[in-house]
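*Asks:* If you scroll down you'll find the structure; I have some questions about it.
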C-alpha cells in the first residue's frame, strides 16, 4: 500500500494555503499519495480567481503586511500558489471540495475552479481518505 | 535509455523536489536524470526522495555552490 498524506484545508489564509500546498507537493515528490480536503475558509480559495486572495494569518495589517511578505517571497523566488496547485495536480494529487461548506456559503460548482477539483464530498469522504493516511493534518 | 536534464538553479523549496519528481515520472525505466540546482536543502532532500522511491542515486557533486544530482530510474 502506498503511504498517503491527507490535509484538511480549513484556513483560507494565504500563508497557510502555502503550507498546505508545499507539504502536499513534498509528499507527492517523495512518493506518497496526497489528498487535500478544502472546507470553510479554505474552500473560498477554490473560488474562481480566489487562490491567492487570502489574508496573512498574522500581521496582515489591512494588506500592508501581505504585500510586504509577497515582495520578500518574490525576491526569494518562491513560486506562486497557482504553480504549486498545477504541480500538485500534475503529480496526481487529489482535491476534494466540501459540499456542506458550499451549501452554507451558497457556493455553486460553477463558482469553483472545477479544473482543480477531483471530487465533491462531505465528512464521510474525508474519513475514507484519512483512515488510509499515514500523515493527517488540519491547517 | 536516455538522459534527462533538469535545471533548478535559483529555484527554492519545494520546486527542485517537484521538478525532480516530475522528471522521474516521465522517464522510462533505466533512464538517467540529472538535476542541477543551488538550493542547499534540496541537495540533501532529493537523495532522500530517491531512496524513498526505491531508485538508484548515481552521484552527488557540488562545485561553487551549484550541485548536480544524478539518478537512475
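Chains as they are written, first to last, in this note's numbering: chain A, 1314 to 1452; chain B, 8 to 80. Glycine included, each C-beta is placed from N, C-alpha and C at the ideal position. All of these numbers come straight from a predicted model, not from anything done at the bench.
Measure the C-alpha to C-alpha separation of residue 4(B) and residue 24(B) and round it to an integer number of angstroms.
*Replies:* What the structure shows of chain B is the stretch from 8 to 80, and residue 4(B) is not part of that stretch, so it cannot be assessed.
*Asks:* Give the range of the alpha helix (DSSP H) segment to which residue 1384(A) is assigned.
*Replies:* 1377-1388 is the span of the alpha helix (DSSP H), which, as asked, contains residue 1384(A).
*Asks:* Go ahead and label residue 1390(A) buried or exposed: buried means 16 or more other beta carbons lie within 10 angstroms of its beta carbon, across all protein chains shown.
*Replies:* So residue 1390(A) ends up on the exposed side.
*Asks:* From residue 1319(A) to residue 1413(A), what does the alpha carbon distance come to, in whole angstroms?
*Replies:* Each residue's Cα considered, the two are about 19 Å apart.
*Asks:* Where residue 1421(A) and residue 1436(A) are concerned, what is the direct C-alpha to C-alpha distance, given to the nearest angstrom?
*Replies:* Straight-line Cα distance between these residues: approximately 19 Å.
*Asks:* Check the Cβ of residue 1398(A) against every Cβ in chain B and list those closer than 7 Å, keeping chain order.
*Replies:* Chain B residues near residue 1398(A): none, gap ~12 Å exceeds 7 Å.
*Asks:* Under three-state DSSP, which class holds residue 27(B)?
*Replies:* Three-state DSSP puts residue 27(B) in a helix.
*Asks:* Can you tell me which residues form a DSSP beta bridge with residue 40(B)?
*Replies:* DSSP, once it has assigned bridges, lists 11(B), 78(B) as partnering residue 40(B).
*Asks:* Anything in chain B within Cβ reach of residue 1392(A), meaning under 7 Å, just list it in chain order.
*Replies:* In chain order: 22.
*Asks:* Expressed to the nearest angstrom, what Euclidean distance is found between the alpha-carbon atoms of residue 73(B) and residue 1402(A)?
*Replies:* About 29 Å.
*Asks:* Could you name the residues of chain A that residue 5(B) contacts, counting a contact when the two beta carbons are closer than 9 Å?
*Replies:* With chain B covering 8 to 80 only, the question about residue 5(B) has no answer from this structure.
*Asks:* Any C-beta of chain A sitting closer than 8 Å to the C-beta of residue 29(B)?
*Replies:* By this cut-off, residue 29(B) is an interface position.
*Asks:* What would DSSP say about residue 1355(A), mapped onto helix, strand or coil?
*Replies:* Residue state, collapsed to three classes: helix.
*Asks:* Could you tell me the distance, in whole angstroms, from the CA atom of residue 1397(A) to the CA atom of residue 1358(A)?
*Replies:* Those two C-alpha atoms are separated by around 14 Å.
*Asks:* So who's on the other strand from residue 1433(A), going by DSSP bridges?
*Replies:* Residue 1433(A) is bridged to 1410(A).
*Asks:* Between which two residues does the beta strand (DSSP E) holding residue 1317(A) run?
*Replies:* Unbroken beta strand (DSSP E) run through residue 1317(A): 1317-1322.
*Asks:* Quick check: what's the CA-CA separation for residue 43(B) versus residue 68(B)?
*Replies:* Looking at the two C-alpha atoms, the distance is approximately 10 Å.
*Asks:* Just mark residue 1352(A) as buried or exposed, buried being the case when its beta carbon has 16 or more other beta carbons within 10 Å.
*Replies:* Residue 1352(A) is buried by the Cβ-count criterion.
*Asks:* Tell me the residue span of the alpha helix (DSSP H) that contains residue 1336(A).
*Replies:* That run of the alpha helix (DSSP H) goes 1327-1342.
*Asks:* Determine which residues share a DSSP beta bridge with residue 1350(A) and list them.
*Replies:* Looking at the DSSP assignment, residue 1350(A) forms a beta bridge with 1321(A), 1409(A).
*Asks:* From the beta carbon of residue 1365(A), is the nearest beta carbon of chain B less than 8 Å away?
*Replies:* Answer no: the Cβ-Cβ gap between residue 1365(A) and chain B never drops below 8 Å.
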